[in-house]
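To convert, take the position in the sequence shown, counting from 1, and add 101; that gives this note's numbering.
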Amino acid sequence: MAIIAFGLMAGQALAATPTHKPAAKPAAQAVVKQAVMKKPAIPAAVIPATAPGLLPDMSLGNANAPVTVIEYASASCPHCADWNKENWATFEQKYLATGKVRYIFREVLTEPQQYALSAFLVGRCAVAQSKTPADATPYFTVVHAFFNGQDTYYSSHQIGTVFADVTAKTGMSKAAIDACIMDGPGFSGFMNNMRAHMAADGVRGTPTFFVNGKRVSTYEMKDIEAAIADASK
């Protein structure tokens, strides 16, 4: 589990940020690839912020599901990526596709913060640029691409391969991705969210799961499923 230390986060540079704003601003308005934006089998929604100054949450699943699972995770957290690779397909089909669970993803910036920040900025930008900006599907497409690209990034320290995967899956150009990083809510926006949500829930590391407001003792799939079963009674 990645442990969060707020005091060490301020002032970190975004390594993937271009040194200048892209001159061709219209490129940032590229519409996310239509294939991604087809009506998803699983509902995906942008949940309005709960307080001024906070960013909206991204969610998947039936908004009226009897069980809500909240995951605090970072795109740069190896344990988060491992959980996603090992368990997401099962979780998605067993709980989201069936309408049993609503899943909310809470963003956390862990080291290297530039990788996590890039994922969240581009993911939110993909939603904003889509034809249906209330649908969070493109966000999860991007964040999952960053989870899958972690090993390559950590071995090469080059983020270009991950961006290429994002382009292939969403249709966003490199110029559009660069503009997303330059023009998004930035480090402070995500820090405001982290301070508010993590303080309220007492979160100190990632990944951390809550089921209907109750913290799951571990991030093991068996414990999450047990908590879902208990909450479904």
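We put the CB at the ideal spot given by N, CA and C, even for glycine.
Straight-line gap, residue i to residue j (C-alpha atoms, nearest Å)
i    : j    : result
S256 : K334 : 45 Å
A220 : M299 : 19 Å
Q230 : V147 : 13 Å
P234 : V228 : 5 Å
P167 : A276 : 42 Å
T211 : N294 : 14 Å
A154 : V304 : The displayed chain sequence assigns Gly, not Ala, to residue 154. Their Cα atoms are separated by approximately 20 Å.
D302 : G272 : 36 Å
D183 : G200 : 25 Å
K270 : M322 : 27 Å
CB of residue i within 9 Å of CB of residue j, strictly
i    : j    : result
G224 : F241 : yes
T53  : E172 : The structure shown does not extend to residue 53, since the chain is modelled only from 102 to 334, so the question has no answer here.
A174 : N185 : yes
V209 : A103 : yes
S177 : A217 : yes
D158 : F206 : yes
L156 : G314 : no
A152 : A297 : yes
7 Å CB neighbourhood of residue i in its chain, flanking five on each side removed
i    : result
D324 : V317 and S318
T285 : Reading the sequence as shown, one finds Gly at residue 285 and not Thr. The answer, listed in chain order, is L222, R225 and C226.
T262 : G250 and T253
F264 : K275 and I278
V267 : V223, V243, A246, M273 and I278
A150 : L156 and P157
P213 : S177
Three-state class that DSSP yields for residue i in the structure shown
i    : result
A220 : helix
Y320 : coil
K201 : coil
D266 : helix
S160 : strand
A145 : strand
I171 : strand
E187 : helix
E212 : coil
R296 : helix
K195 : helix
K315 : strand
Sequence-distant residues of its chain with Cβ nearer than 6 Å to residue i (five each side left out)
i    : result
C281 : L222, V223 and C226
Y196 : V202
E326 : none
A328 : V312 and V317
Exposure label - residue i; buried when at least 16 CB within 10 Å
i    : result
A190 : exposed
N165 : exposed
D236 : buried
S160 : buried
Q194 : exposed
Q259 : exposed
T169 : buried
Proximal residues to residue i (C-beta, below 8 Å), its chain only, five neighbours per side dropped
i    : result
K139 : Confidence in K139 is poor, its pLDDT being 44 and thus under 50, which makes the residue's placement too unreliable to answer from.
H180 : M102, A103, T307, P308 and Y320
Residue-level contact to chain D via CB, residue i, 9 Å cutoff
i    : result
M102 : As a matter of chain content, chain D is missing from the structure shown, which is built from one protein chain.
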